[in-house]
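*Asks:*
Residue numbers (the numbering used here): 107 to 283.
1. Quick one: residues in its chain with C-beta nearer than 6 Å to the C-beta of residue 182, no 5 flanking neighbours on either side, listed in chain order?
2. Is there contact here, the region 200-211 with the region 272-282, by at least three beta-carbon pairs under 8 Å?
3. Name the one or two DSSP bridge partners that residue 147 has.
4. Apart from the five residues on each side of it in sequence, which residues of its chain come closer than 6 Å, Cβ to Cβ, to residue 176?
5. Could you have a look at residue 117 and say whether DSSP puts it in helix, strand or coil?
6. On the CB-based measure, 16 or more other CB atoms within 10 Å of its CB, does residue 158 come out buried or exposed?
7. Is residue 238 buried or exposed, if buried means 16 or more other CB atoms sit within 10 Å of its CB?
8. Below 9 Å between beta carbons: does that hold for residue 279 and residue 180?
9. Residue 216 to residue 246, Cα distance in whole Å?
10. Output the distance between the C-alpha atoms of residue 140 and residue 219, rounded to the nearest integer angstrom.
11. Can you list, in chain order, the residues of its chain whose CB lies under 6 Å from that of residue 200, leaving out five sequence neighbours each side?
12. Please classify residue 137 as buried or exposed, where buried requires at least 16 neighbouring CB atoms within 10 angstroms.
13. Using CA coordinates, which residue listed in 264, 243, 262, 267 is at the minimum distance from residue 145?
14. Thinking C-beta only, is residue 148 closer than 9 Å to residue 193?
15. Considering only C-alpha positions, which residue in the set 241, 210, 214, 152 is nearest to residue 230?
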């Protein structure tokens, strides 16, 4: 499809490591407002870049760490994590600073928007529920918006919307010289 029509991202060569996809997941590209599509940068969070471990299984002498993992996720303004779903893991997102995160959830046949826009705002993502995150406003001092993620330490896998490898190329942001 043609990016100029803003209907779908243009497929380009994929240099992303293997990503497990699920064709049943919705398209974040189609979900975002056309105005936002021109500036949004897509990411798949990774440890050491956007994400860090705060507590891992058995890292602290506490029964809670037998069951839970706590991570910090920092997103820059206009950054979006495409639709994905986690098997075997329930998540809790908690806003940890100034900024606005829009969480898109697919419930039934509808996609619903939830705003995390005050420190301490929380949202539980049930096991297997398709969701995407979009950072629209950041803390002016940190230049990022911070989320704390509390999740189960159970094994599971994450499946992504089928266009994720193409979205991560961010070819829609490349300007012609």
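Idealized CB from N, CA, C, for every residue including glycine. Owing to the predicted nature of the structure, the values given are computational and were not obtained by experimental measurement.
*Replies:* Here's the rundown:
1. The residue given as residue 182 occupies position 76 in the chain shown. Contacts found: 250.
2. no
3. The residue you call residue 147 lines up with position 41 of the chain shown. DSSP, once it has assigned bridges, lists 185 as partnering residue 147.
4. Here residue 176 is taken as the residue at index 70 of the chain shown, counted from 1. Around residue 176: 160, 161, 256.
5. Within the chain shown, residue 117 is the residue found at index 11, counting from 1. For residue 117, the pLDDT reaches just 40, beneath the cut-off of 50, and the residue's location in the model is therefore unreliable, although a value from the coordinates is still provided. DSSP places residue 117 in coil when its eight states are reduced to three.
6. On the chain shown, residue 158 is found 52 positions in, with the first residue counted as 1. By the neighbour-count rule (16 or more Cβ atoms within 10 Å), residue 158 is not buried but exposed.
7. For the purposes of this step, residue 238 is taken as the residue at position 132 of the chain shown. Residue 238 is buried by the Cβ-count criterion.
8. The residue given as residue 279 occupies position 173 in the chain shown. The residue given as residue 180 occupies position 74 in the chain shown. No, Cβ-Cβ distance for residue 279 and residue 180 is not below 9 Å.
9. Looking up residue 216 in the chain shown gives position 110. Looking up residue 246 in the chain shown gives position 140. About 33 Å.
10. Position 34 of the chain shown holds residue 140. Position 113 of the chain shown holds residue 219. So the alpha carbons of these two residues sit roughly 16 Å apart.
11. Taking the first residue of the chain shown as position 1, residue 200 is located at position 94. Hits under 6 Å: 228, 254.
12. Counting from 1 along the chain shown, the entry for residue 137 is found at position 31. Under this definition residue 137 is a buried residue.
13. Within the chain shown, the letter at position 39 stands for residue 145. Measuring from the Cα of residue 145, the nearest candidate turns out to be 243.
14. Residue 193 sits at position 87 when you count from the first residue of the chain shown. Residue 148 sits at position 42 when you count from the first residue of the chain shown. Between residue 193 and residue 148, the C-beta spacing is not below 9 Å.
15. On the chain shown, residue 230 is found 124 positions in, with the first residue counted as 1. Comparing Cα positions, the closest option is 210.
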